[in-house]
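See structure below.
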Amino acid sequence: MANRAVPQRPNGQTPGKICQFKLVLLGESSVGKSSLVLRFVKGQFHEYQESTIGAAFLTQTIHLNDVAVKFEIWDTAGQERYHSLAPMYYRGAQAAIVVYDITNQDTFERAKNWVKELQRQATPGIVIALAGNKLDLNTMRSVQTDESQTYAYENGLMFMETSAKTSANVTEIFKAIAEKLPKNENTNTAGQGRRLVDSAEGSNKSLSSCCK
Amino acid sequence: MTCNCVDAPVPPLFGVQTLFAAQHTSESCGANGLPLTPNSITILGRAQKLRTLNHPNLVLHLDFIRKQHGRIILVSQYFKRSLWTETNNYLLLLPLEKVLSWTHRVLDALTYLNSNGVVHRFLTPQYILFDDEDNVKLFNYGLYYMTNSGKNITFPIGKLKYTAPEVLVLDRDSYKSGPKTDSWSLGIIVLELLLGAQLWPTLKLSQIIRKILSLTHCTDVVMRLAREMGRLTMYQSLPDELKDFLGKCICMDVKKRLCPKELFHHKIFSAYEYSKILMNKCYSCKHPLRQMKLDQVYYLWKLAGGDVEWALKKKGLLRNESPILLLPRLIILEGTLYGNTRNQSSLLDLQIVELPLDLLVNRLQHLKITDYDPLIDQVNKQNDTTEKLPLVIREKDTEYQFRRIILFDRLLAAFPFKLDKLLIEAKKDIPPFFRGEVWACLLNVCGDTESIYMSIDKETAGVTDRQIEVDIPRCHQYNDLLSSSVAHKKLKRVLKAWLVSHPKYVYWQGLDSLCAPFVYLNFCKEHVSYACLTAFVKKYLNDVFLKDNAAVIREYLIKLSHLIAFHDPQLANHLDEKGFIPDLFAIPWFLTMFSHVFPLHKIFHLWDKLLLGDSSYPLFVGLSILTQLRSTLLNSGFNECILLFSDLPEVDIEKCVLESSKFNDATPRSITFRKYELRTETREYDPCLMYEVLQNEFSPRISIYDLVELKSSSLKFLVLDTRPQEFYIEKSIPGSLNIHVREEDLVDENFDLAPCPELSALVNNRGSILIVVDNVFELNKVRSFCRFLVKKEYPKVCSLHGGIEALENFNILVPAIMY
Chain A
1 MANRAVPQRP
11 NGQTPGKICQ
21 FKLVLLGESS
31 VGKSSLVLRF
41 VKGQFHEYQE
51 STIGAAFLTQ
61 TIHLNDVAVK
71 FEIWDTAGQE
81 RYHSLAPMYY
91 RGAQAAIVVY
101 DITNQDTFER
111 AKNWVKELQR
121 QATPGIVIAL
131 AGNKLDLNTM
141 RSVQTDESQT
151 YAYENGLMFM
161 ETSAKTSANV
171 TEIFKAIAEK
181 LPKNENTNTA
191 GQGRRLVDSA
201 EGSNKSLSSC
211 CK
Chain B
1001 MTCNCVDAPV
1011 PPLFGVQTLF
1021 AAQHTSESCG
1031 ANGLPLTPNS
1041 ITILGRAQKL
1051 RTLNHPNLVL
1061 HLDFIRKQHG
1071 RIILVSQYFK
1081 RSLWTETNNY
1091 LLLLPLEKVL
1101 SWTHRVLDAL
1111 TYLNSNGVVH
1121 RFLTPQYILF
1131 DDEDNVKLFN
1141 YGLYYMTNSG
1151 KNITFPIGKL
1161 KYTAPEVLVL
1171 DRDSYKSGPK
1181 TDSWSLGIIV
1191 LELLLGAQLW
1201 PTLKLSQIIR
1211 KILSLTHCTD
1221 VVMRLAREMG
1231 RLTMYQSLPD
1241 ELKDFLGKCI
1251 CMDVKKRLCP
1261 KELFHHKIFS
1271 AYEYSKILMN
1281 KCYSCKHPLR
1291 QMKLDQVYYL
1301 WKLAGGDVEW
1311 ALKKKGLLRN
1321 ESPILLLPRL
1331 IILEGTLYGN
1341 TRNQSSLLDL
1351 QIVELPLDLL
1361 VNRLQHLKIT
1371 DYDPLIDQVN
1381 KQNDTTEKLP
1391 LVIREKDTEY
1401 QFRRIILFDR
1411 LLAAFPFKLD
1421 KLLIEAKKDI
1431 PPFFRGEVWA
1441 CLLNVCGDTE
1451 SIYMSIDKET
1461 AGVTDRQIEV
1471 DIPRCHQYND
1481 LLSSSVAHKK
1491 LKRVLKAWLV
1501 SHPKYVYWQG
1511 LDSLCAPFVY
1521 LNFCKEHVSY
1531 ACLTAFVKKY
1541 LNDVFLKDNA
1551 AVIREYLIKL
1561 SHLIAFHDPQ
1571 LANHLDEKGF
1581 IPDLFAIPWF
1591 LTMFSHVFPL
1601 HKIFHLWDKL
1611 LLGDSSYPLF
1621 VGLSILTQLR
1631 STLLNSGFNE
1641 CILLFSDLPE
1651 VDIEKCVLES
1661 SKFNDATPRS
1671 ITFRKYELRT
1681 ETREYDPCLM
1691 YEVLQNEFSP
1701 RISIYDLVEL
1711 KSSSLKFLVL
1721 DTRPQEFYIE
1731 KSIPGSLNIH
1741 VREEDLVDEN
1751 FDLAPCPELS
1761 ALVNNRGSIL
1771 IVVDNVFELN
1781 KVRSFCRFLV
1791 KKEYPKVCSL
1801 HGGIEALENF
1811 NILVPAIMY
């Protein structure tokens, strides 16, 4: 709830600097995208987090030194079929977290595909972080840290292994992203979320073409 | 030959028992990374099947309740008299015919259980009960089945003396008892009965075990047992067939022992004429409640304030300990607890507590005998004031639900006859007791759905199995029943059956949520869940689950936008200005018909009404949710709006349902016309439009058919003719208003209508349906004018599909009379 109380001050009136960024979460279903967001935004965790249909939207502000960084987070549906909706959410995003499940190799492969798609089609310069989630299930691991680390390094991604359940590295990964995002005046635009709609309307044609 | 009388006493009909499921030792998780399902939930899921068992010699299972700390409460039919009491603890020697008659009934019941995959495993004289008419009723036959052969509990099932030797020898976890273990137990019971003595009445448990195991060495087990009972001569005097029968029951070699089905056909039962034994016929007056189905009586008893837990507490079987006393001394990191003192009431005590029915009887005291058996056509003539109370109160009102159950019981039995009456009654409300069945009728599920379902391959692996498997364990899991592994399997089978039988469609996330209410309500009737899902999707979600459903979904969403503009222009303007389009929030609403958005109890009330509406009804539900939140929405920017829907606030479902009905009644059908909805025919002037056209319009279109119908309906409407006056005078719709506007004027943002008599007429008719008409080629002008009217916050703005030209064929255009 606290996140909603964040005032949207017009530029210039703020004591510290407020930067807003649009961030999108992508990845195979049931890897823990919604759980990561829920942990980050509300500090909660539900074992039986229900599936996301379409997408969910949440915001959270963190403070880096004197800068308040407000994330506008689009949590997308994981099922492949909802893929056609994804561009509507990642278009215009300044950051993306691609999530996979460390106990499931297939989800890592799917994550790689998301990275490729983002690098090809998303905003140039988008900050991409790779998150190997479910670190609490380390004993059941099937994706080795080295493997993902190397992959992330080769593709210029940030990388962390996280656990929404134990909250390991959850705030850290968002913080790391915040640090990496450029905080100059032009990104400091209020009502970033509005962009989604502009692009959503503009993307209707491409949406239909990728649906067919 | 009984008569009914409302003053007759009602004996307790139900018995309660309680037990504990085994606890998982520590915080361990399953292969999918999720916590292990508590055993009590697993038991709850498995136990549901027992409710479907119905045999004249079995008691009925009525309820299974799960409580804290793995406690399970079982409610079933119960009778005070048992084999144990009838024989006065075996002191009475009964006639052979009577013993044989009872034995045969027990075997019949066991055979029925076996054919349903259930083994009793707890056969004792105390669990062979008799009803008023001396019919044998087996009790406690479900314990072994519901606990997955005793795997989910920590205590052994069965009374040691009657337990077959192999049960004691073989490993409990790997060995499942078969039907023949019951044969052994029955053999011992019959032997005791015939000899009129108890076996090993004074031995300790360990001694009994030793005794049973020592039987391995003897050649004639039955004779040895008879000797131990001190009744050898009596045994030897028994007829040979009977000795043979006992030998076939009490037989160490399981292979040679007969199963209940074989024993049922043993020659001993044809040798004696026992069917003529005089039954203890009951001639006294009976309360009419006892003519009702037992599960209905139990349901009403609970409504009347019956409390199973309270009954247990009274007997000391359930005690409240202050929480601090339950704290363990030590919890190690992986979660195992040490040093928590065991609560006395957590020890196993299978004592049966009877539930007195006084509460219910008192509650229904003033009812007449005819209320129990009314003529259905006269039922609605009673003007019940309860009908006007809120739904939640009606659902808790014993007498109201009593009448509803009596009524619906008859209507459902008559289905599909009396469907019209069923619809009328369902419109008032649907009694929760019959919800599953009523829904099936409303969805027109009939015919042999079972064999259709049986013939579908639900096992072969499919491409979407992985997706289904990850979705099911998070689908409505707050519900005990749906979180059990039995429910997971059922949900998966029903989904797979639907997918296999609809090759045109694919699995979209959300289909699981849609399926869950049907599985929950028809838990033991998978085929009905399947048939309901099939009918529901066909009616409300036609083509939504196509692999490429973009066109269907987008049409649906744009129709919601149109509907908002039609009924709530202020909200529509605000949302449009903020760019808050339904695509951002309403996909899960319509894809799952709100089953992904609301918890089960809300879905029930919502779908109770949804199922009575047509395929457009969900749009009105969506609209009424929005209007319920309108004040928040109107004061919110884009971010706040979207946040509101990411975490939907409390929605008052009853209000929502009422509002949506009102919207539905105030909306001509063609307003919500969708190209992709299921319909038998599309008429020439139906507004069947491409998405690209719909997208450019802010207000919906109305068809000529509806315009014609409006003339004879009670809805107020006004036709606005925007053509130049000369055309209007020449030919126009009678009663229409001529407001000539030019397309180029409307481009100006500050455009407004000049004051004129027509404008005042328009203002005076605010709230009527406003139908904008022009020439068909003036599409852009009509659109802009509609948008202008909505901006001016005129509700119910729409345009006539096909323009004035379309009216030529309808013979309603006349020259206008100018004043």
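Residue numbers (our numbering), protein chains in the order written: chain A, 1 to 212; chain B, 1001 to 1819.
Backbone N, C-alpha and C define an ideal beta-carbon position, used for all residues, glycine too.
Where residue i falls: helix, strand or coil (DSSP)
| i | result |
| --- | --- |
| B:A1304 | coil |
| B:T1087 | coil |
| A:V98 | strand |
| B:Q1351 | strand |
| A:T189 | The predicted position of A:T189 is uncertain, since its pLDDT is 45 and thus under 50; no value can be drawn from it. |
| B:W1102 | helix |
| A:D106 | helix |
| A:K221 | Because residue 221 of chain A is not part of the residues shown, which for chain A are 1 to 212, the question remains open. |
| B:F1545 | coil |
| A:E224 | Nothing can be reported for residue 224 of chain A, as the shown portion of chain A is limited to 1 through 212. |
| B:H1055 | coil |
| A:L64 | strand |
| A:K17 | strand |
Cβ pair residue i, residue j closer than 8 Å
| i | j | result |
| --- | --- | --- |
| B:C1532 | B:V1597 | no |
| A:R39 | A:S167 | yes |
| B:L1644 | B:T1627 | no |
| B:F1064 | B:D1131 | no |
| B:L1193 | B:L1225 | no |
| B:Y1372 | B:P1260 | no |
| B:P1599 | B:K1731 | no |
| B:I1771 | B:I1702 | yes |
| B:L1138 | B:N1054 | no |
Cβ of residue i within 8 Å of any chain A Cβ
| i | result |
| --- | --- |
| B:T1592 | yes |
| B:A1550 | yes |
| B:V1470 | yes |
| B:G1070 | no |
| B:L1571 | no |
| B:W1508 | yes |
| B:G1335 | no |
| B:L1560 | no |
Residue i, enclosing alpha helix (DSSP H) - first and last residue
| i | result |
| --- | --- |
| B:G1622 | Y1617 to Q1628 |
| A:G132 | No alpha helix (DSSP H) contains A:G132, which is instead part of the beta strand (DSSP E) from V127 to N133. |
| B:G1436 | R1435 to L1442 |
| B:S1076 | It is not in any alpha helix (DSSP H) - B:S1076 instead sits in the beta strand (DSSP E) that spans R1071 to Q1077. |
Cutoff 8 Å: residue i Cβ touching any chain B Cβ
| i | result |
| --- | --- |
| A:Y48 | yes |
| A:L137 | yes |
| A:S35 | no |
| A:G54 | yes |
| A:E72 | yes |
Run of the beta strand (DSSP E) containing residue i, from where it starts to where it stops
| i | result |
| --- | --- |
| B:R1066 | H1061 to R1066 |
| B:W1498 | Run containing B:W1498: none in the beta strand (DSSP E); it sits in the alpha helix (DSSP H), S1485 to S1501. |
| B:Q1017 | F1014 to F1020 |
| B:S1799 | V1797 to L1800 |
| B:L1412 | Not the beta strand (DSSP E): B:L1412 falls in the alpha helix (DSSP H), residues T1398 to A1414. |
Residue-level contact to chain E via CB, residue i, 8 Å cutoff
| i | result |
| --- | --- |
| B:I1587 | Here the protein chains are A and B, and chain E is not one of them. |
- Decide yes or no for the touch test of the stretch 1558-1572 of chain B against the stretch 1665-1672 of chain B: beta carbon pairs closer than 8 Å, at least 3 of them. Counting Cβ pairs under 8 Å, three or more are found: they touch.
- Task: Count the C-beta pairs between the stretch 1469-1483 of chain B and the stretch 33-49 of chain A that are closer than 8 Å, then say yes if the count reaches three, no if not.
- Result: Segments in contact, yes.
- Query: Within the chosen definition, does the stretch 1493-1509 of chain B reach the stretch 1449-1463 of chain B through at least 3 CB pairs nearer than 8 Å?
  - Reply: Yes, since at least three Cβ pairs between the stretch 1493-1509 of chain B and the stretch 1449-1463 of chain B fall closer than 8 Å, the two stretches touch.
- Item | At least 3 beta-carbon pairs within less than 8 Å: the stretch 1036-1043 of chain B vs the stretch 1133-1153 of chain B | Yes: the two stretches touch, three or more of their Cβ pairs being nearer than 8 Å.
- Message: Quick test of the definition: if touching needs 3 or more C-beta pairs under 8 Å, does the stretch 1766-1783 of chain B touch the stretch 1793-1801 of chain B?
- Response: Yes, since at least three Cβ pairs between the stretch 1766-1783 of chain B and the stretch 1793-1801 of chain B fall closer than 8 Å, the two stretches touch.
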